[in-house]
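Residue numbers (our numbering): 1 to 649.
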């Protein structure tokens with residue numbers, strides 16, 4: 001019998017009936033009763049006859065041989081030996097799993113240490129460091145726990161095969177959270193069993209506690225920590241103590257420098273944002289801010305302006321080398337009744353810090369979770385794969401619904417697991433400020449709408465075309481109907497730092513002829529329902545298309561505006577006002593590229609070398625909402641930056 005046995009690693013060896021005899025002999029030996037060799041030979045031949053119909057092209061898998069061995073032992077009356085054989089087989093599988101795990105984690109550690117440039121694919125903020133190594137290794141363990149022990153086989157296979165992407169598998173944690181800091185102001189920094197702080201009485205103390213609060217919470221959540229009503233809540237401290245502008249700026253420096261210090265897993269700064277009201281919210285105007293002094297929030301609008309002037313002055317100054325601060329990201333609630341402020345637009349023109357968000361309609365997600373609201377998990381659907389595999393529009397929507405329903409099941413499982421962890425005390429700091437996670441949302445996102453239009457055989461045009469846009473509207477309305485029908489779900493515009501590369505690479509390996517953006521060496525999918533980055537340099541054409549599409553999302557929308565001309569603060573203020581009055585974009589930001597020389601500091605635009613001393617410069621770009629050095633982003637985002645057209649303004 002010239003059969004080939006296919007082993008678990010895919011290699012093939014010549015069939016040897018003696019190995020079947022040896023395995024069964026070990027099973028009998030564990031019972032203390034080894035039969036005569038002739039009986040073992042007879043059993044081995046019966047095993048061979050049993051699996052013979054399964055031989056294909058002279059090949060049989062080792063698992064099929066073992067299945068036959070179990071069956072023949074039972075049929076021949078050796079039930080106890082069959083049980084022992086099954087146990088022996090399970091033990092061997094366990095040993096192999098341990099050996100595979102040991103080898104995999106050793107390989108993972110070696111790969112991380114030898115290839116520092118490859119560490120930024122999924123955890124975009126993680127830098128090459130000991131903390132980054134710890135995150136890489138622990139993240140791999142946790143990822144296998146989610147996929148191997150929590151989610152069912154269909155869910156894990158859908159993620160591994162690339163039909164969808166389950167976010168934040170490297171942490172047993174919820175996603176993003178918004179905090180109302182009135183709780184911190186009233187309670188102080190208090191975690192059971194840990195060193196506690198009394199409620200802050202002065203602005204400096206509040207800023208120091210805010211830094212500690214955000215960095216503590218960031219270690220129990222995988223995503224952004226958002227502080228709502230930042231200027232409204234801090235202003236009473238300025239008024240009560242009669243602080244001068246330089247004192248307020250000193251407090252803001254404490255906050256900004258503290259939040260940009262690497263302090264969370266992976267040697268990363270806390271991913272944080274602060275939301276500015278500009279005007280006291282109507283429902284807060286008569287509310288008491290300080291019981292001792294009787295100060296009301298409505299009395300503090302001049303002090304709110306002092307907070308903003310100081311905060312944005314710190315951002316516009318940059319650090320000691322002229323580098324901008326990535327965090328906290330300032331989110332400006334734009335409202336026609338509120339004033340325009342020079343400091344905000346000076347920071348926008350220099351470093352691109354501020355993000356502008358409409359008060360209405362409310363938008364959950366990446367930049368503006370309200371206090372007490374949170375995200376428990378997110379799953380992104382691979383639209384280009386679904387389009388490529390569909391023979392017509394009807395089959396596309398059938399597959400889309402199947403994938404979306406699977407995503408919802410995955411997220412419901414994650415919700416239950418995270419809530420169980422919360423109830424058991426796995427997140428002690430969070431539990432000190434949130435009574436429950438009942439307000440938590442789950443997010444279903446999309447990626448590659450542009451490439452889905454190109455790959456759909458019934459469209460074959462990009463998202464700039466009328467047919468592409470009509471199809472995108474239909475897809476988003478379909479998905480919005482699904483999320484609205486579910487309990488506490490949102491439709492999210494996926495930021496896609498690492499997932500855009502991962503899914504595109506998987507599809508090029510398995511989907512013959514599929515179209516991606518980028519190159520064969522650095523493929524990627526376009527974020528959510530955005531236009532291709534090289535589609536147009538006409539800002540208002542892009543705005544018109546995105547207005548039509550972003551209305552369907554209930555979370556995560558972000559429209560980045562890269563531009564070439566050196567616009568000053570006044571020009572940006574005028575452009576912001578025009579976008580506010582003439583468009584319906586929910587969230588947008590101006591995104592200049594800038595560079596830093598370690599000796600001569602800041603330069604506008606992309607400068608590969610310092611204009612003064614020709615030393616290599618550090619180029620910073622906005623990646624999916626926040627700024628990163630170009631040298632530290634993954635290859636797909638580097639390629640996306642190379643492909644990007646900037647808007648002619």
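No residue lacks a Cβ here, since even glycine has one placed at the ideal position from N, Cα and C.
Own chain residues within Cβ distance below 6 Å of residue i, not counting five before or after
| i | result |
| --- | --- |
| residue 183 | 433 |
| residue 400 | 386 |
| residue 563 | 646, 647 and 649 |
| residue 44 | 17, 20 and 21 |
Minimum Cβ-Cβ distance from residue i to chain D less than 8 Å
| i | result |
| --- | --- |
| residue 318 | Among the protein chains of the structure shown there is no chain D, as only one such chain exists. |
Contact set for residue i: own chain, Cβ-Cβ below 7 Å, skip 5 residues either direction
| i | result |
| --- | --- |
| residue 567 | 349 and 649 |
| residue 199 | 185, 186, 187 and 188 |
| residue 689 | Nothing in the structure corresponds to residue 689, since the chain is present only between 1 and 649. |
| residue 467 | 459 and 461 |
| residue 323 | 596 |
| residue 307 | 231, 234, 235, 238 and 248 |
| residue 163 | 382, 385 and 403 |
| residue 539 | 561, 647 and 649 |
| residue 602 | 318, 322, 594 and 596 |
| residue 439 | 372, 373 and 374 |
Of the residues the options, the one placed nearest residue i, counting alpha carbons only
| i | options | result |
| --- | --- | --- |
| residue 244 | 269, 204 and 226 | 204 |
| residue 623 | 435, 509, 496 and 600 | 496 |
| residue 138 | 169, 155, 475 and 160 | 169 |
| residue 374 | 437, 570, 17 and 231 | 437 |
| residue 273 | 302, 296 and 218 | 218 |
| residue 522 | 501, 512 and 528 | 501 |
| residue 579 | 560, 564 and 565 | 560 |
| residue 317 | 298, 250, 263 and 371 | 250 |
| residue 591 | 134, 157, 634 and 346 | 346 |
| residue 378 | 441, 625 and 396 | 441 |
| residue 33 | 62, 41 and 84 | 84 |
| residue 384 | 211, 64, 11 and 528 | 528 |
| residue 313 | 7, 252, 159 and 340 | 252 |
| residue 574 | 342, 31 and 332 | 342 |
Local conformation of residue i per DSSP, three classes
| i | result |
| --- | --- |
| residue 367 | Because the pLDDT at residue 367 is just 46, under 50, the model does not fix this residue reliably, and the value given afterwards should be weighed accordingly. Looking at residue 367 - three-state DSSP - the assignment turns out to be coil, as it is neither helix nor strand. |
| residue 256 | helix |
| residue 597 | strand |
| residue 400 | helix |
| residue 434 | coil |
| residue 13 | strand |
| residue 388 | helix |
| residue 627 | strand |
| residue 561 | strand |
| residue 589 | strand |
| residue 718 | Any property of residue 718 remains undetermined from this structure, which presents the chain solely from 1 to 649. |
| residue 146 | helix |
| residue 607 | coil |
| residue 421 | helix |
| residue 225 | strand |
| residue 284 | helix |
| residue 632 | helix |
| residue 380 | strand |
Whole-Å CB distance - residue i paired with residue j, under 8 Å assumed
| i | j | result |
| --- | --- | --- |
| residue 171 | residue 142 | 6 Å |
| residue 525 | residue 503 | 6 Å |
| residue 443 | residue 555 | 6 Å |
| residue 589 | residue 354 | 7 Å |
| residue 659 | residue 23 | Residue 659 is absent from the structure shown; the chain starts at 1 and stops at 649. |
| residue 403 | residue 445 | With a Cβ gap of about 12 Å, residue 403 and residue 445 do not count as contacting. |
| residue 166 | residue 545 | So it is not a contact: roughly 29 Å between Cβ atoms. |
| residue 629 | residue 640 | Between residue 640 and residue 629 the Cβ distance is about 15 Å, and since that is not below 8 Å, they are no contact. |
| residue 220 | residue 173 | 6 Å |
| residue 301 | residue 280 | 6 Å |
| residue 428 | residue 191 | 6 Å |
| residue 665 | residue 334 | Outside the shown range of the chain (1 to 649) lies residue 665, about which nothing can therefore be said. |
Beta-carbon contacts of residue i that lie in its chain and below 8 Å, excluding the five residues immediately before and after
| i | result |
| --- | --- |
| residue 3 | 14, 15, 55, 58, 59 and 60 |
| residue 666 | Outside the shown range of the chain, which is 1 to 649, sits residue 666, and nothing can be said about it. |
| residue 477 | 552 |
| residue 510 | 161 and 162 |
task: Answer yes if the stretch 593-601 comes into contact with the stretch 457-466, meaning at least three C-beta pairs across the two stretches below 8 Å, and no otherwise.
output: no
query: Pairing CB atoms from the stretch 43-51 with CB atoms from the stretch 63-78, are three or more of them under 8 Å?
result: yes
- prompt: Touching or not, the stretch 409-421 and the stretch 146-165, by the rule of three or more beta carbon pairs under 8 Å?
  reply: yes
- request: Flag this pair as touching only if the stretch 320-337 and the stretch 254-270 have three or more C-beta atom pairs under 8 Å; answer yes or no.
  value: Verdict: yes, contact present.
field: contact_flag[the stretch 287-298, the stretch 229-241] where n(CB pairs < 8 Å) is 3 or more
entry: Because the criterion of three Cβ pairs below 8 Å is met, the stretch 287-298 and the stretch 229-241 touch.
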